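Mapped onto full-length UniProt numbering, the consecutive letters of the sequence shown carry residue numbers 1 to 300. The next block holds one structure in the form of structure tokens; read it before the comments.
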Amino acid sequence: MQTHTGATVQPKDKPKRKPKGKTRTKPGGPAPRPGPTNAEYIQLFDTCELKKEKLGEIDKVIDDKILANRARYETVVATLQGRQLFGLSRTPALGGISFFQPRDFYSPQPQVQQPSGFFFQDLFNRSPNTNVFDFRNPFNIGFRTNPDFFNAGSGRVPWAMIAVIHYLECSSDFSKHLHNGDPLTGYTVKHPPNRPKNAGKPPFTWEVSAVDAMRLKQFDKKQNWTLPEVLYTLEAYNGFGYHKNKKGNTPYLWSYSNHYTKGKYVRDFKYDSNAVSAQIGAAVLLKRMEQRGLIYLPRF
């Protein structure tokens with residue numbers, strides 16, 4: 001059994017010949033998108049069991065590479081959102097009330113919150129100029145670790161998703177393009193080539209390149225960042241070759257968990273059924289971060 005530790009290889013489908021004559025469209029609207037359904041993604045994530053012997057390695061990546069660089073990932077999010085870091089902008093129709101409050105950064109020490117009155121009474125007695133919802137601990141139930149609740153409909157790209165892409169594509173190296181791991185000293189060479197666009201001449205900063213990578217994938221256009229959408233977006237970033245070619249669950253998401261044992265694309269169009277991914281899967285990292293109370297991804 002061969003273990004592969006190199007850069008992530010995107011599984012590709014062999015090009016298909018275009019049919020002659022008129023193309024037919026299936027009745028009932030557009031064809032379903034590739035990959036698992038939303039319900040299947042939720043089931044996979046909720047039943048994901050991390051390999052116990054790998055927990056130390058997983059936590060080290062989270063602590064040393066993801067949490068340590070959170071501010072840089074948040075900078076990319078801020079730029080994509082036009083510096084509106086905290087969800088939807090203030091809405092004139094609601095008297096300037098903002099839908100979502102800023103989230104506290106993760107506190108490694110559990111905190112006990114003192115009672116501050118009945119939640120619903122406090123909610124409806126708030127001034128119109130303050131935030132309506134407080135997601136930190138609305139019922140003031142003692143123990144909390146300040147998880148980062150990603151607001152599914154806010155349009156704000158989850159910073160943790162950018163972080164896990166950075167780990168998988170570049171081994172969390174800030175001297176490489178987020179697009180594909182090429183060096184920031186020049187434009188990208190591998191697919192997608194000649195990026196970033198409209199960003200001046202190289203060398204590029206990691207943040208400038210990362211923003212271009214996100215915009216190229218139109219992450220800034222999405223409003224829905226539920227768990228299924230995050231997992232779909234991550235799998236799409238690498239490619240749906242595993243799903244389309246019936247090779248099982250992609251290691252890009254599920255490596256180091258009960259949902260993946262072996263099998264890997266070692267290069268374009270070349271699948272090795274005995275190769276084992278030596279990278280932690282993106283969904284596995286998110287699952288562990290949720291287990292530790294660092295984040296929470298809404299299911300719906």
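Think of the CB as a built atom: it goes at the ideal place given N, C-alpha and C, for glycine as much as any other residue. Keep in mind the model is a prediction, meaning the values are calculated, not measured.
Looking at the unbroken beta strand (DSSP E) that takes in residue i, where does it start and where does it end?
i: residue 275; result: 275 to 277
Could you tell me the alpha carbon to alpha carbon distance between residue i and residue j, rounded to whole angstroms?
i: residue 154; j: residue 226; result: 10 angstroms
i: residue 233; j: residue 64; result: 24 angstroms
i: residue 40; j: residue 247; result: 16 angstroms
i: residue 179; j: residue 203; result: 15 angstroms
i: residue 58; j: residue 71; result: 20 angstroms
i: residue 100; j: residue 165; result: In this prediction, residue 100 has a pLDDT of 31, which is less than 50 and means its spatial position is unreliable; what the coordinates show is noted afterwards. Residue 100 and residue 165: Cα-Cα distance of roughly 26 angstroms.
i: residue 290; j: residue 197; result: 35 angstroms
i: residue 238; j: residue 260; result: 16 angstroms
i: residue 145; j: residue 193; result: Residue placement at residue 145 cannot be trusted, given a pLDDT of 46 that sits under 50; the coordinates are not used to answer.
i: residue 276; j: residue 185; result: 32 angstroms
i: residue 74; j: residue 230; result: 17 angstroms
i: residue 108; j: residue 269; result: Its pLDDT being 42, under 50, residue 108 is placed unreliably in this model, and the coordinates cannot settle the point.
i: residue 274; j: residue 255; result: 14 angstroms
i: residue 33; j: residue 298; result: 21 angstroms
i: residue 67; j: residue 245; result: 35 angstroms
i: residue 48; j: residue 292; result: 15 angstroms
i: residue 167; j: residue 173; result: 8 angstroms
i: residue 54; j: residue 161; result: 21 angstroms
i: residue 206; j: residue 37; result: 33 angstroms
i: residue 50; j: residue 258; result: 7 angstroms
i: residue 60; j: residue 191; result: 30 angstroms
i: residue 35; j: residue 217; result: 17 angstroms
i: residue 236; j: residue 252; result: 10 angstroms
i: residue 249; j: residue 240; result: 10 angstroms
i: residue 157; j: residue 80; result: 8 angstroms
i: residue 177; j: residue 169; result: 9 angstroms
i: residue 182; j: residue 76; result: 19 angstroms
i: residue 188; j: residue 224; result: 29 angstroms
i: residue 62; j: residue 45; result: 18 angstroms
According to DSSP, which residues form a beta bridge with residue i?
i: residue 176; result: 183
i: residue 80; result: According to DSSP, residue 80 bridges with nothing at all.
i: residue 272; result: 264
i: residue 50; result: 257
What is the DSSP secondary structure of residue i, counted as helix, strand or coil?
i: residue 257; result: strand
i: residue 266; result: strand
i: residue 103; result: Here residue 103 scores only 40 on pLDDT, less than 50, and its place in the model should not be relied on; the value that follows carries that caveat. Three-state DSSP puts residue 103 in coil, outside helix and strand.
i: residue 155; result: coil
i: residue 250; result: coil
i: residue 162; result: helix
i: residue 122; result: Only weak support exists for where residue 122 lies, its pLDDT of 36 falling under 50; the value from the coordinates is given anyway. DSSP places residue 122 in helix when its eight states are reduced to three.
i: residue 75; result: helix
Just curious, the alpha helix (DSSP H) that residue i is in, first and last residue?
i: residue 215; result: 206 to 216
i: residue 227; result: 227 to 238
i: residue 243; result: 241 to 244
i: residue 300; result: Run containing residue 300: none; DSSP gives neither H nor E here.
i: residue 38; result: 38 to 46
i: residue 61; result: 55 to 61
Q) Any contact of the stretch 275 to 289 with the stretch 206 to 223, i.e. 3+ C-beta pairs under 8 angstroms? A) Judged by Cβ distances under 8 angstroms, the stretch 275 to 289 makes no contact with the stretch 206 to 223, as fewer than three pairs qualify.
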